[in-house]
Amino acid sequence: MNNGFAPEFGNTVGTLFNTITRSGANELHGEAAYLFRRTPMSARPALLPESLPTPDVNVDSVFADAGGRMVKDRVFFFGGYEHVKRDLPAPVIVAPSTLAQLGLPANFANAIPFSQNVTFFIGKVDWQLTSNHRLSLRYNGHRNDSPYNSSIIGGQFLMDRTYKFVDRSHGGALQLVSVFSPNAVNELRFQVPFRSQSQDRFEATGSGPAISIPGVANFGNSLDVGFRFEEATPEVNENFSYNLAKHALKFGASLRAIRDTQAQATAALYTFPNVAAYVAARDGLNMRTYASFIQTVGEPSMEYNSLFSGLYAQDTWKPLASITVTYGVRYDVYRPPNANENSPFEYSRRFRTDRNNIAPRLGVAVGLGKTVIRASGGVFYDPFQTDLYRRALLNNGTPTFFAISTTPQFPFAPAFPTVFSGLPQGLPSTLQDITTVSPDFASLYSVNANVSISREIARDLALTATYLFTRGNRLPVMRNINLVPSGQQLADGRPIFGSGRVFPGFGNILATESVGQSVYSGLNLSVTKRFSRGSEMFATYTWSHAIDDAPEQNNIDSPNFLLSDPTNRRRDRGNSLTDRRHAFNGNLVYTPGFQGGSRVLRYLVNGNLFAVIATIQSGDVFNIGSNRVLNGDPLTSSAFQRPLFIGRNTLRAPRTSEFNIRYSRLFPLGERMKLEFIAESTNVFNRTNVVGLNSTATVDAAGNVVAWPQLNWTAALDQRLLQLGFRFSF
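For what it's worth, the working numbering labels the leading residue of the sequence shown as 18, then goes sequentially.
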């Protein structure tokens, strides 16, 4: 962020999104467009085997909007609609020969026909009540139906692990801006967003248990079918601004209630070390050859509510015409849902509310002729993910819902492919797995700082250099706190855990602790050419390094990351999952203009627009996992049990490079209307940009590498895509 770190911005440790909603005017204005893509217009997915048919990659997108007056100079309207139907096929990299070994249908080798059918709509009314009061009312909504969906689609995840995703949202908002005097302005905002989601079984979803063979294939039933979610988040914001001499004062408060209803999917998962072990179990030769088994059972539905509130005070002071100072403080309180006082495990009987979230901010900007120097620093707090507490309430050890995890040597462990219908015979009634939150859990916060120097080096051309620093503190880390070392160790010092328990009355206890640390340092260089002589350009390069010791358990793309050693977090200090050392982005827009010559030549040259966007950056990082549970912790799957002496996130995919181009041509239709032809292509050079690797090593029981990861590509960004369209505006 480079906004002076104003205290009015909160509830984030570094990301701000600004949206601008159009309004109507006295004159009627609008537009309508249609964009389309067909399979022959696009390149074949690079990861798709040559023997398989090319999947559909069709797109149909239509949108329209219009704004005008309802009462001249008083009441205005704006409305918009967009519908997108899009094929998003996901290639599968599991070889047909492997599918045959596993006894799976041959068509599982085809690309998974993932698609989206999405509609967006907006309506807005602006009412100038008086010369000093303006009221705005807005409604937003969207709906999405997406078959063949999953948290991971394609690669080593096969078609039967998918479901149909149904998503709906509705939101109403009100804004009242009141001008009390030339120096005093008040803004009141109120909104009520609502969202519902479900993950439903459909014709492609498998049955029975889910099956995972790390580094080979994932198939069987979906782990996510049955998920239901509804959330309403009414929110009110009050902001008051007052100008006093050289000071622009601003004060505000916010209150947001989060009301959630959710049903967690119940599922069972068998993990096998290799294909031979699975085949032996499938054929009934040895039905206990699996490495681990986990199942959730019981009633997964629940309601839980949270409350977020905040206050801020800030001043923007201009001691001199060339100096601007923004300073102030923000205070936030994030109250979690109420705990169940009757929970069997002590941690789950009460959830702590952290009330120490005081965030001072300071930003300075100095203008020195053609040079501008900016420096900002401050503390930023981030609210917890409400899902932390949902999981803690759901898996609190009561008999209504719980998880059972085991390895095959325990007497109550099932014989493949058995799935428990209730408590298994032989399972001690007290040995239930718990998910909880540490009693001293506190809010995540970051200390952010940046300094930048901007210099106008020529007319319409500026160069900016920025250094950015972020120190993340109290990042949520999940670990199994109910393990007792057996006294044995792996050769790199990681303890091997036995069957003993710190809390003997329970099984595994997955606790969230606010103990993680992260550091980000980055240097950014950017060049900006403002629009002149028919062109504008922006280019930026960033070198950065992000390090942390908190595996991204709460990242939406990595829900199962746990510590490789629950007793020593330093073993997981390494590159962050989002670490990207080098990143270049640039765009160029050129609109040729020709004033002289013949009328025909002017018609051919003028009205054209050419645009290029280039993105070149370091590849994604990956963790090298293994095919075995090495440390005896059943909650840390083998995919995150690294071989001996291997650090976290030490593998990097090849760099990604993508060039996108756009051409458009305007055809005026009189003075008030125009038609535009559009042609766009992404990844025009058809480069294969890898975003997934098979990073599973084969190891022996001691963690020694028997076979290094093959590093087969499991996922890639889109190959070259071309779409055409038309837009009419008036």
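For glycine and all other residues, C-beta sits at the position ideal for the given N, C-alpha and C.
Practice prompt. Could you check if V88 is buried or exposed, using at least 16 other CB atoms within 10 Å of its CB as the buried criterion?
Written response: Within the sequence shown, numbered from 1, the residue matching residue 88 stands at position 71. The residue is exposed, with fewer than 16 neighbouring Cβ atoms inside 10 Å.
Worksheet item: Is it the case that the Cβ atoms of P106 and D73 are separated by a distance below 8 Å?
Response: The residue labelled residue 106 in the question sits at position 89 within the sequence shown. The residue labelled residue 73 in the question sits at position 56 within the sequence shown. Contact: yes.
Worksheet item: First and last residue of the alpha helix (DSSP H) that includes Q118?
Response: Taking the sequence shown and counting its residues from 1, one reaches residue 118 at position 101. In the DSSP assignment, Q118 falls within the unbroken alpha helix (DSSP H) covering 113 to 119.
Discussion item. By the DSSP assignment, the alpha helix (DSSP H) with A297 in it spans what residues?
Written reply: For the purposes of this step, residue 297 is taken as residue 280 along the sequence shown, with counting starting at 1. That run of the alpha helix (DSSP H) goes 292 to 299.
Fill in: Buried or exposed by the 16-neighbour rule on C-beta atoms within 10 Å, applied to D574
Residue numbering aside, residue 574 sits at position 557 when the sequence shown is read from its first letter. Because D574 sits at a pLDDT of 48, beneath the cut-off of 50, its placement in the model cannot be relied upon, and the point is left open.
Practice prompt. Could you pull out every unbroken beta strand (DSSP E) segment of at least 3 residues lying fully inside the stretch 142 to 212, listed in chain order?
Written response: Correct list: 150 to 166, 180 to 198.
Worksheet entry | Pick from L146, T29, F743, I169 that is closest to L463, judged by C-alpha positions | For the purposes of this step, residue 463 is taken as the residue at position 446 of the sequence shown. Reading off the sequence shown, one finds Ser at residue 463, where the question assumed Leu. Selected option, being the one with the closest Cα: T29.
Worksheet item: What first and last residue would you give for the alpha helix (DSSP H) that runs through A409?
Response: Counted from its first residue, the sequence shown places residue 409 at position 392. Per DSSP, A409 belongs to the alpha helix (DSSP H) from 403 to 411.
Worksheet item: Given A190, which residues of its chain have a CB within under 6 Å of its CB, disregarding the five upstream and five downstream residues?
Response: Position 173 of the sequence shown, counted from the start, is the residue given in the question as residue 190. For A190, same chain residues with a beta-carbon under 6 Å away, outside a window of 5 residues either side, are R155, Q208 in chain order.
Discussion item. To the nearest angstrom, how far is the alpha carbon of A282 from that of R276?
Written reply: Residue mapping note: residue 282 aligns to position 265 of the sequence shown, counting from 1. Residue mapping note: residue 276 aligns to position 259 of the sequence shown, counting from 1. Approximately 20 Å, taken between the alpha carbons.
Worksheet item: When the Cα of L205 is compared with those of I513, A293, S195, which residue comes out closest?
Response: What you label residue 205 is simply residue 188 of the sequence shown in a count that begins at 1. Nearest neighbour of L205 by Cα position, chosen from I513, A293, S195, turns out to be S195.
Worksheet item: Mind checking A609: buried by the 16 CB within 10 Å criterion, or exposed?
Response: Here residue 609 refers to the residue found at position 592 when the sequence shown is read from its first residue. It is Pro, not Ala, that sits at residue 609 in the sequence shown. Exposed, because fewer than 16 other Cβ atoms sit within 10 Å of the Cβ of P609.
Worksheet item: Can you tell me whether Q442 is buried or exposed, with buried defined as 16 or more other CB within 10 angstroms of its CB?
Response: Counting from 1 along the sequence shown, the entry for residue 442 is found at position 425. Exposed, since its Cβ has fewer than 16 Cβ neighbours within 10 Å.
Discussion item. Comparing C-alpha positions only, which one of S654, Y680, F601, T699 sits nearest to L626?
Written reply: Looking up residue 626 in the sequence shown gives position 609. Of the listed residues, the one whose Cα sits closest to L626 is Y680.
Fill in: Length of the line joining the Cα atoms of E530 and F131
On the sequence shown, position 513 is the one that residue 530 refers to. On the sequence shown, position 114 is the one that residue 131 refers to. Cα-Cα distance, rounded: 37 Å.
Worksheet item: So, using beta-carbon positions, are R151 and Q740 closer together than 8 Å?
Response: Reading the sequence shown from its first residue, position 134 is the one you call residue 151. Reading the sequence shown from its first residue, position 723 is the one you call residue 740. Q740 sits away from R151, with the two beta carbons spaced by 8 Å or more.
Discussion item. Contact between the stretch 232 to 249 and the stretch 111 to 127 is defined here as three or more beta-carbon pairs at a separation below 8 Å; is this criterion met?
Written reply: Contact between the stretch 232 to 249 and the stretch 111 to 127 is present, because at least three Cβ pairs lie under 8 Å.
Worksheet item: Taking the continuous beta strand (DSSP E) assigned at L527, which residues delimit it?
Response: The residue labelled residue 527 in the question sits at position 510 within the sequence shown. Residues 526 to 549.
Worksheet item: By Cβ distance below 6 Å, which residues in the same chain neighbour G27 in space, the five residues on each side in sequence not counted?
Response: The count along the sequence shown starts at 1 and reaches residue 27 at position 10. Only residues of its own chain outside the window of five on either side were considered, and among them G327, R347, D349 have a CB closer than 6 Å to the CB of G27, listed in chain order.
Practice prompt. Pair every Cβ in the stretch 648 to 660 with every Cβ in the stretch 704 to 711, then say whether three or more of these pairs are closer than 8 Å.
Written response: A contact is defined here as three or more CB-CB pairs under 8 Å, and the stretch 648 to 660 fails this definition with respect to the stretch 704 to 711.
Discussion item. Less than 8 Å between CB atoms is the rule here; does L266 satisfy it with respect to chain B?
Written reply: The chain inventory of the structure shown lacks chain B, comprising one protein chain alone.
Practice prompt. Return the CA-CA distance between G759 and V342, expressed in angstroms with no decimal places.
Written response: Any property of residue 759 remains undetermined from this structure, which presents the chain solely from 18 to 747.
Worksheet item: Can you list the beta strand (DSSP E) stretches of 3 or more residues lying completely in the stretch 357 to 423, in chain order?
Response: Counting only runs of 3 or more residues that sit fully inside the stretch 357 to 423, the beta strand (DSSP E) segments are 374 to 385, 388 to 399, 418 to 423, in chain order.
Item to complete: Kindly identify the DSSP beta-bridge partner or partners of P502.
Response: Start at 1 with the first residue of the sequence shown, and residue 502 comes out as number 485. DSSP output for P502 lists F514 as bridge partner(s).
Worksheet entry | DSSP beta-bridge partners of P493 | Counting from one through the sequence shown, the residue named residue 493 turns up at place 476. Looking at the DSSP output, P493 bridges to S531.
Practice prompt. Would you mind reading off the limits of the beta strand (DSSP E) that contains L618?
Written response: Numbered from its first residue, the sequence shown carries residue 618 at position 601. L618 -> not in any beta strand (DSSP E); alpha helix (DSSP H) instead, spanning 616 to 622.
Discussion item. Let's see if you can read the secondary structure: which residues bound the beta strand (DSSP E) around K89?
Written reply: Numbered from 1 along the sequence shown, position 72 holds the residue referred to as residue 89. Careful: K89 lies outside any beta strand (DSSP E) and carries neither H nor E.
Discussion item. Using a 10 Å radius around the Cβ and a threshold of 16 neighbouring Cβ atoms, would you call M176 buried or exposed?
Written reply: Within the sequence shown, the letter at position 159 stands for residue 176. Buried, by the Cβ-count rule.
Worksheet item: Can you tell me whether DSSP reads S575 as helix, strand or coil?
Response: As a working mapping, residue 575 is identified with position 558 in the sequence shown. For S575, the pLDDT reaches just 49, beneath the cut-off of 50, and the residue's location in the model is therefore unreliable, leaving the point undetermined.
Practice prompt. Drop a sphere of 10 angstroms on the beta-carbon of S68, count the other beta-carbons inside from all chains shown, and report buried for 16 or more, exposed for fewer.
Written response: Along the sequence shown, read from residue 1 onward, the residue named residue 68 stands at position 51. In this structure S68 is exposed. Its beta-carbon is surrounded by fewer than 16 other beta-carbon atoms within 10 angstroms.
Worksheet item: Going straight from the alpha carbon of A724 to that of T713, what length do you get?
Response: Against the sequence shown, residue 724 aligns to sequence position 707. Against the sequence shown, residue 713 aligns to sequence position 696. Going by the C-alpha atoms only, they are around 9 Å apart.
Worksheet item: Between Q534 and N640, what straight-line distance do the alpha-carbon atoms span, to the nearest angstrom?
Response: In the sequence shown, residue 534 corresponds to position 517, counting from 1. In the sequence shown, residue 640 corresponds to position 623, counting from 1. If you take the alpha carbons of Q534 and N640, they lie about 19 Å apart.
Worksheet item: In whole angstroms, what is the alpha-carbon distance linking D509 and G664?
Response: Residue mapping note: residue 509 aligns to position 492 of the sequence shown, counting from 1. Residue mapping note: residue 664 aligns to position 647 of the sequence shown, counting from 1. The straight-line gap from Cα to Cα measures roughly 11 Å.
Discussion item. For Q442, report the span of its beta strand (DSSP E) as first-last.
Written reply: Here the question's residue 442 lines up with position 425 in the sequence shown. Segment: none, Q442 is in no beta strand (DSSP E) and carries neither H nor E.
Discussion item. For Q505, count the other beta carbons within 10 Å of its own beta carbon; 16 or more makes it buried, fewer makes it exposed. Which is it?
Written reply: Walking along the sequence shown from the start, residue 505 turns up at place 488. Using a 10 angstroms sphere on the CB of Q505, the tally of other CB atoms stays under 16, which defines it as exposed.
Discussion item. Short of 7 Å in beta carbon distance, which residues of its chain neighbour Y259, apart from the five on each side in sequence? Order them along the chain.
Written reply: By one-based count along the sequence shown, residue 259 stands at place 242. Answer for Y259: N200, A201, L266, listed in chain order.
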